[in-house]
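Asks:
Residue numbers (our numbering), protein chains in the order written: chain B, 80 to 492; chain U, 63 to 345.
(1) Thinking just about the alpha-carbon of each residue, which of B:399, B:314, B:315, B:354 is nearest to the one in residue 328 (chain B)?
(2) Buried or exposed: where does residue 232 (chain B) fall if 16 or more other Cβ atoms within 10 Å of its Cβ makes it buried?
(3) For residue 279 (chain U), list the residues DSSP reports as bridge partners.
(4) Going by Cα to Cα distance, which pick from U:325, U:206, U:101, U:199 is closest to residue 271 (chain U)?
(5) Can you list the residues of chain U that residue 106 (chain B) reaches, using a CB-CB cut of under 7 Å?
(6) Between residue 82 (chain U) and chain B, is any beta-carbon pair separated by less than 8 Å?
(7) May I ask whether a heavy atom of the ligand ZN can be found less than 7 Å away from the beta carbon of residue 197 (chain U)?
(8) Using the DSSP secondary-structure output, state which residues sit across from residue 250 (chain B) in a beta bridge.
(9) For residue 346 (chain B), is the classification buried or exposed, using 16 other Cβ atoms within 10 angstroms of its Cβ as the cut-off for buried?
(10) Would you please verify whether the beta carbon of residue 127 (chain B) is less than 8 Å from any beta carbon of chain U?
(11) Would residue 322 (chain U) count as contacting chain B if we go by Cβ distances under 8 Å?
(12) Please decide whether residue 90 (chain U) counts as near chain B, where near means a Cβ-Cβ distance under 8 Å.
(13) Roughly how many whole angstroms lie between the Cα atoms of residue 422 (chain B) and residue 485 (chain B)?
(14) Using a Cβ-Cβ cutoff of 7 Å, what residues of the segment 131-161 of chain U are near chain B? List them in chain order.
(15) Just to confirm, is the Cβ distance from residue 449 (chain B) to residue 462 (chain B) under 8 Å?
(16) Which ranges does the alpha helix (DSSP H) cover as unbroken runs of at least 4 residues, wholly within the segment 103-130 of chain U, from first to last along the chain?
(17) Skipping 5 residues on each side, what residues in its chain have a beta carbon closer than 8 Å to that of residue 95 (chain U)?
(18) Please check the pair residue 338 (chain B) and residue 352 (chain B), which I expect to be a contact at CB under 8 Å, by giving their CB distance rounded to whole angstroms.
(19) Please compile the residues from chain B whose C-beta is within a distance smaller than 9 Å of the C-beta of residue 127 (chain U).
(20) For residue 90 (chain B), which residues does DSSP report across the bridge?
(21) With respect to the alpha helix (DSSP H) encompassing residue 94 (chain U), which residues constitute its N-terminal and C-terminal limits?
(22) Around the Cβ of residue 445 (chain B), are there at least 16 other Cβ atoms within 10 angstroms (buried) or fewer (exposed)?
(23) Does the beta carbon of residue 243 (chain U) come closer than 8 Å to any beta carbon on chain B?
(24) Take residue 96 (chain B) and list the residues in its own chain whose beta-carbon comes closer than 7 Å to its own, dropping the five residues that flank it on each side.
(25) Beta carbon of residue 216 (chain U), beta carbon of residue 277 (chain U): below 8 Å?
(26) With burial defined as no fewer than 16 other Cβ atoms inside 10 Å of the residue's Cβ, what is the status of residue 150 (chain B): buried or exposed?
(27) Using the beta-carbon count (16 or more within 10 Å), is residue 218 (chain B) buried or exposed?
(28) Using CA coordinates, which residue listed in U:142, U:105, U:111, U:222 is at the minimum distance from residue 125 (chain U)?
(29) Could you pull the start and end residues of the alpha helix (DSSP H) that residue 236 (chain U) belongs to?
(30) Can you pull the chain B residues whose beta carbon is under 7 Å from the beta carbon of residue 289 (chain U), in chain order?
(31) What's the gap between the Cα of residue 77 (chain U) and the Cα of residue 415 (chain B)?
(32) Can you tell me where the alpha helix (DSSP H) holding residue 339 (chain B) begins and where it ends?
(33) Any idea what DSSP makes of residue 431 (chain B), helix, strand or coil?
(34) Within a Cβ cutoff of 7 Å, which residues of the same chain sit near residue 146 (chain B), ignoring the five residues on either side of it in sequence?
(35) Taking Cβ positions only, does residue 94 (chain U) come closer than 8 Å to chain C?
(36) Would you call residue 245 (chain U) buried or exposed, if buried means 16 or more other Cβ atoms sit within 10 Å of its Cβ?
Right, here's the structure in full:
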């Protein structure tokens, strides 16, 4: 079969392909600046940050020879004289580069008390004139004479490690290289993860319960009225998060408006004022109100498209109002329920500001702990590990959202 | 309310409790925002209504907390920062986002859904993770604790909103209009500015407003990236809530509520204009 030719003699298929390609390149060039911007200043930095969860450079970089030597050490008896000498010398070099603080901090995350051991050793090694570093170090701090200490050093010396993930799941590597639970008082993160999921779940359910009837009302009212009511839904959406959080503090605190009203109505006594803020209750109430528009808007946009004739048909066929609603109307709203619930859950699982301000102790979520390790304890590896787990959960939900609803269907306002 | 004659007493009760419940939800949504407006005029440093306020005595009300804002240079300083950062990042986000949306809405765009997934990700990734990542990135390139760094960081956060709103406007776009314009002799630049641009403008503006409010309201990134010199209003409010919560915060909050009402009204008007232009009547 001969191919069809265009006027200038090239096959039609080729010239079509060429024209298509030109358009594809043009379309891509329009997207390219933003894509590059997002990749360079957003996606790449996040991956780099998450890489810190497995990256473990402090000891490997600052005590390289010691760590190398320890890799060959079998771990039954104390290391040889040479290793002791190396660690003493390298600690002094580290001191000159002012890296001792980093080394001490890194070791301290692993085993409490090692910070003081390192600092003490460095101080004394400086003044030491002799040659028998093994004897000297053990004399400076008797922990140098324990095999466990060297095992910690060997383990933390590894350049890449999964130990932060263990820590994020309340596990640790025992001295004998088995994996076990952290001691009771250091077991917090699994609890926080579960609490985050539980709070997000509750917020999602509360939002659904509050949003469903309202969206139904908005979808069935005449447009003129529903547009007016919709503004009441959109106003919180546009109001600053800090403003809304502030108003919840004002409303819910012990001497706040809600308690005052309850006292005035004699529902509670003056002494019986309820603590509704700076705890998990406060977080739940504030987050529900803040995320409610994200549930109402998708539900409303789905319900708006459902024709009332289905319900009428069900009623005329003998279904009770309730039955018609449950069996005929509700199944048609599932896409809206799915979209709203996923969106609210995704947003609440990574929530930071509101729990930080109104959560007190019992309302802190995983984001708050990531922030704590980023800003205060400076344990960036652990922050990155916790962040990776959180991000992974969010990305799975995001993927589901994209599969079920499609991001291009996401509507704002 | 006119009920159909077949509705029994149970149906009426169900209907009224439904209306009551919806009323409660609307109160729940709006009351917390509105309640701070009268409270910000409280003459006493309390966060609740005094007896004088309830009986509408004029002495119980004052504008002293607003005077406080004016007296404290910190607020003016952070307001200036907020406006600079929000304006610049909005401009950047709108420019890049609109271009990208124009490309994304073409049927020839390769890897459309993957690209869209990446472009929307700043909206989905928990802020604390974005903030941590950007903290290291901007520190490494020397832009941490500078306004340009903050502007770039906020611009990334704002772009998904622009992409979403402009793509949504373009889905209803009638491409025969561009063809008509071209067949009448306009070149592609003229077609863009005379035909496409006016039609997608409402989408662009509402996307820009979303980007603006995102930056204006953002505090987590500011927390990580900004030093004292780059404090913005939300950061200042955060400090106020955490450290010495005074009714001045309520006065600032009231001003912000007024700003958001203005923004919301603008977006609503634009949305209606857009629907009218595209022939989708609202009534």
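Think of the CB as a built atom: it goes at the ideal place given N, C-alpha and C, for glycine as much as any other residue.
Replies: So, from the listed chains and residues:
(1) Within the first chain, residue 328 (chain B) is the residue found at index 249, counting from 1. Considering only alpha carbons, the answer is B:354.
(2) As a first step, residue 232 (chain B) must be located in the first chain, where it is residue number 153. Buried is the label assigned to residue 232 (chain B), since at least 16 other Cβ atoms lie within 10 Å of its Cβ.
(3) Against the second chain, residue 279 (chain U) aligns to sequence position 217. Residue 279 (chain U) is not bridged by DSSP to any residue.
(4) Locating residue 271 (chain U) in the second chain gives position 209, counting from the first residue. It is U:325.
(5) Position 27 of the first chain, counted from the start, is the residue given in the question as residue 106 (chain B). Residues of chain U passing the Cβ test: 165, 168, 170, 171.
(6) For the purposes of this step, residue 82 (chain U) is taken as the residue at position 20 of the second chain. So no, residue 82 (chain U) is outside the interface.
(7) Absent from the structure shown: the ligand ZN. Ligands present: none.
(8) Numbered from 1 along the first chain, position 171 holds the residue referred to as residue 250 (chain B). Beta-bridge pairing links residue 250 (chain B) to B:260.
(9) Position 267 of the first chain, counted from the start, is the residue given in the question as residue 346 (chain B). A residue is called buried when at least 16 other Cβ atoms come within 10 angstroms of its Cβ; residue 346 (chain B) does not meet this threshold and is exposed.
(10) Taking the first residue of the first chain as 1, we reach residue 127 (chain B) at position 48. Yes, residue 127 (chain B) counts as interfacial toward chain U.
(11) As a position in the second chain, residue 322 (chain U) is number 260, starting the count at 1. Residue 322 (chain U) counts as touching chain B.
(12) In the second chain, counting from the first residue as 1, residue 90 (chain U) sits at position 28. Taking CB atoms only, residue 90 (chain U) has a neighbour in chain B less than 8 Å away.
(13) Walking along the first chain from the start, residue 422 (chain B) turns up at place 343. Walking along the first chain from the start, residue 485 (chain B) turns up at place 406. Between residue 422 (chain B) and residue 485 (chain B), the C-alpha separation is close to 12 Å.
(14) Residues 158, 159, 161.
(15) Counted from its first residue, the first chain places residue 449 (chain B) at position 370. Counted from its first residue, the first chain places residue 462 (chain B) at position 383. Cβ distance < 8 Å, so residue 449 (chain B) and residue 462 (chain B) count as in contact.
(16) Along the segment 103-130 of chain U, the alpha helix (DSSP H) occurs as fully enclosed runs of 4 or more residues at 113-116, listed in sequence order.
(17) Here residue 95 (chain U) refers to the residue found at position 33 when the second chain is read from its first residue. Answer for residue 95 (chain U): 319, listed in chain order.
(18) Position 259 of the first chain, counting from 1, holds the residue named residue 338 (chain B). Position 273 of the first chain, counting from 1, holds the residue named residue 352 (chain B). So it is a contact: roughly 5 Å between Cβ atoms.
(19) Counting from one through the second chain, the residue named residue 127 (chain U) turns up at place 65. Contact note: residue 127 (chain U) does not reach chain B at a C-beta cutoff of 9 Å; the least C-beta distance is about 13 Å.
(20) Reading the first chain from its first residue, position 11 is the one you call residue 90 (chain B). Paired residues: B:84.
(21) To locate residue 94 (chain U), count along the second chain from 1; it is residue 32. Residue 94 (chain U) -> alpha helix (DSSP H) spans 71-101.
(22) Reading the first chain from its first residue, position 366 is the one you call residue 445 (chain B). Looking at its Cβ environment, which holds 16 or more other Cβ atoms inside 10 Å, residue 445 (chain B) is buried.
(23) Start at 1 with the first residue of the second chain, and residue 243 (chain U) comes out as number 181. Any Cβ of chain B closer than 8 Å to the Cβ of residue 243 (chain U) would place that residue at the interface, and such an atom is absent.
(24) Numbered from 1 along the first chain, position 17 holds the residue referred to as residue 96 (chain B). Cβ within range, chain order: n/a, list empty.
(25) Sequence index remark: in the second chain, residue 216 (chain U) carries index 154 (1-based). Sequence index remark: in the second chain, residue 277 (chain U) carries index 215 (1-based). Their beta carbons are under 8 Å apart, which means residue 216 (chain U) touches residue 277 (chain U) by this criterion.
(26) Within the first chain, the letter at position 71 stands for residue 150 (chain B). It counts as exposed.
(27) The residue you call residue 218 (chain B) lines up with position 139 of the first chain. Counting C-beta atoms within 10 angstroms of its own C-beta, residue 218 (chain B) has fewer than 16 neighbours from the protein chains shown and is therefore classed as exposed.
(28) For the purposes of this step, residue 125 (chain U) is identified with residue 63 of the second chain, where counting begins at 1. It is U:105.
(29) Looking up residue 236 (chain U) in the second chain gives position 174. Element bounds for residue 236 (chain U): n/a, residue is neither H nor E.
(30) Here residue 289 (chain U) refers to the residue found at position 227 of the second chain. The contacting residues do not exist; residue 289 (chain U) stays about 13 Å from chain B at best.
(31) Position 15 of the second chain, counted from the first residue, corresponds to residue 77 (chain U). Position 336 of the first chain, counted from the first residue, corresponds to residue 415 (chain B). It is roughly 23 Å from the alpha-carbon of residue 77 (chain U) to the alpha-carbon of residue 415 (chain B).
(32) Residue numbering aside, residue 339 (chain B) sits at position 260 when the first chain is read from its first letter. Looking at the DSSP string, the run of the alpha helix (DSSP H) that includes residue 339 (chain B) is 336-343.
(33) As a position in the first chain, residue 431 (chain B) is number 352, starting the count at 1. Looking at residue 431 (chain B) - three-state DSSP - the assignment turns out to be coil, as it is neither helix nor strand.
(34) Within the first chain, the letter at position 67 stands for residue 146 (chain B). Correct list, in chain order: 138, 139, 236.
(35) Absent from the structure: chain C. Protein chains present are B and U.
(36) Against the second chain, residue 245 (chain U) aligns to sequence position 183. The residue is exposed, with fewer than 16 neighbouring Cβ atoms inside 10 Å.
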